[in-house]
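Encoded as structure tokens, the structure appears first; notes follow it.
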Amino acid sequence: MQPVWAGHPWVFAQAIERIEGGVGPGDEVLVRDGRGNTLGRGLYSPGSAIPVRLYTRDPNRAIDARLFEERLQRAIARRRALGLPSEQTTGFRLVHAEGDGLPGLVVDRLGDVLAVQLGTIGMKRREGVILDLLARLLSPRAIVDRTPARTAESEGFRAGTGVVRGEDALEAFHFRERGLEFRVPLELGQKTGFYFDQRPLRDRVEALAAGRRVLDAYCYVGSVALAAVRGGAVSVEAVDSSALAIEAAAECAARNGMSGQVRFERGDATEALAHTGRKGGVDLVVIDPPKLAPTRAARQRALESMRRLVGLGCRATRPGGLLVVSSCSAALGLFDLTRVVALGARDVGVAAVVLERIFQGADHPVPAAFPEGLYLSSLVVEVAPAS
């Protein structure tokens, strides 16, 4: 882990010797080292394992509307440099917290609607300023608060729900990604509404799908399955435990002229993997489960769960076929993922050969001094006979 003086934006609780003055939740604070040297200014979250997140190294720079506007403008310009939005893609990550110098703030653009997550009490206290700036800079039809209730509770505030600016009657997000049309109902509670971080994985699955039989476990609204169809898969099965997600996935397939080309099924992903394995397996299996390690305390349990999933995935993949496995937690990063893939394969008597490594898309930037920002890792693995 990089220290604060080297550019890391987090001050952990165990690194704080003392707090001077009457500091309240969300207050702006000045951070100094043991010699009195100023390290930066941040916002205070009492009770958090990360009590301070830094926004500037300049001791004289206030964390105010001007700073927020500059950072938002920079984030917008960064996406434009990436070609976002475009005619083919109108859904993407617009503001990526620490990656855009705005810890505690995530903003996704979904067509002409913005979805926001306020991850700290400091950002919650400045919510009005942030929403006003987003409305002025981007003129969205609506802004929707998608802050997870658990995050809000841990930071000591109540999460907002639904539309907080603009069109109150909004029922769904409408957007395009890589030319595919998506409609995601607001009732679906996954992240901001869509997994934009997995765009590189969807692109790769599409490139690998030609002539293959595909199983997409944990399919959500079917984005990977639709990519596989467009890539020329001969059959695609997609499974999710949410009836609403499966319904939305079927509608997205219809919007893209793919009705009948994907067999969507509500069910348990592990059972689907086991069933596919008993039938002899398919050519390409994608396993992208919900976050198994939301905290480092949950890491060991997550490793065990992922190992079991990999074993099921290997059995569901025919010999010589491809297994794609993802982890969306920095607490279970690339090294750990690679290890559990090796162990999970060994458990079922096969070998796993890593062909490719895939990470979050460029609209989810990672400061070089902030390794925790690289939270999404995927492996494309050939399932081979054990030697």
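For the sequence shown, our numbering begins at 1149 and goes up steadily by one. C-beta atoms are modelled at their ideal positions from N, C-alpha and C, and glycine is treated no differently. Quick caveat, the model's predicted, so the values are computed rather than measured.
- In the three-state DSSP reduction, residue 1435 falls in the strand class (E or B).
- For residue 1364, the secondary structure class from DSSP, reduced to helix, strand or coil, is strand.
- Taking 8 Å as the upper bound for CB-CB distance, residue 1207 and residue 1189 are in contact here, some 7 Å apart.
- In the structure shown, the three-state DSSP call for residue 1388 is strand.
- The beta carbons of residue 1476 and residue 1427 sit about 29 Å from each other, so the pair does not count as a contact at 8 Å.
- C-alpha of residue 1167 to C-alpha of residue 1187: approximately 15 Å in a straight line.
- Looking at the backbone, the Cα of residue 1486 and that of residue 1413 are separated by about 29 Å.
- Secondary-structure assignment with DSSP links residue 1244 through a beta bridge to 1254.
- Of all alpha-carbon atoms in 1496, 1511, 1452, 1312, the one lying nearest the alpha-carbon of residue 1459 is that of 1496.
- According to DSSP, residue 1333 shares a beta bridge with 1320.
- Cβ contact annotation for residue 1534 (same chain, cutoff 6 Å, sequence separation greater than five): 1497, 1498, 1499, in chain order.
- As computed with DSSP, residue 1527 is found in a beta bridge with 1473, 1505.
- Taken atom to atom, the span from the alpha-carbon of residue 1202 to that of residue 1243 is near 16 Å.
- When C-beta atoms of the segment 1513–1522 are compared with those of the segment 1237–1254, three or more pairs fall below 8 Å, so the two segments count as touching.
- Residue 1526 sits buried, since 16 or more C-beta atoms from the chains shown fall within 10 Å of its C-beta.
- When 1384, 1524, 1502, 1370 are compared, the shortest CA-CA separation from residue 1346 is found for 1524.
- The C-alpha of residue 1471 lies about 27 Å from the C-alpha of residue 1237.
- Here the alpha carbon of residue 1411 sits roughly 10 Å from the alpha carbon of residue 1363.
- By the CB criterion at 9 Å, residue 1508 and residue 1251 fall outside the cutoff.
- Of the residues 1291, 1183, 1451, 1229, the one whose Cα lies closest to the Cα of residue 1511 is 1229.
- Per DSSP, reduced to three states, the secondary structure at residue 1211 is coil, with no helix or strand assignment.
- Per DSSP, residue 1178 is one residue of the beta strand (DSSP E) stretching across 1176–1180.
- As computed with DSSP, residue 1412 is found in a beta bridge with 1386.
- Here DSSP, grouped into helix, strand and coil, assigns residue 1461 to helix.
- A direct Cα-Cα distance of roughly 22 Å separates residue 1396 from residue 1265.
- In the DSSP assignment, residue 1198 falls outside any beta strand (DSSP E), carrying neither H nor E.
- In this structure, the straight-line span from the alpha carbon of residue 1398 to that of residue 1390 is close to 12 Å.
- CA-CA distance, residue 1293 to residue 1161, rounds to 28 Å.
- Between residue 1319 and residue 1157, the alpha-carbon positions lie close to 37 Å from each other.
- If the five residues before and after residue 1461 are omitted, its C-beta is found closer than 7 Å to the C-beta atoms of 1421, 1433, 1435, 1471, 1473, all from its own chain and listed in chain order.
- Taking a C-beta distance under 9 Å as the contact criterion, residue 1198 and residue 1285 do not qualify as a contact pair.
- Annotation: residue 1490 to residue 1382 spans about 29 Å, alpha carbon to alpha carbon.
- Each residue's CA atom was taken as its position, placing residue 1366 and residue 1261 some 25 Å apart.
- Rounded to the nearest angstrom, the gap between the Cα atoms of residue 1272 and residue 1257 is 20 Å.
- For residue 1405, no beta strand (DSSP E) encloses it, and the DSSP letter there is neither H nor E.
- Comparing C-alpha distances from residue 1452 to each of 1503, 1484, 1469, 1478 shows the shortest one belongs to 1484.
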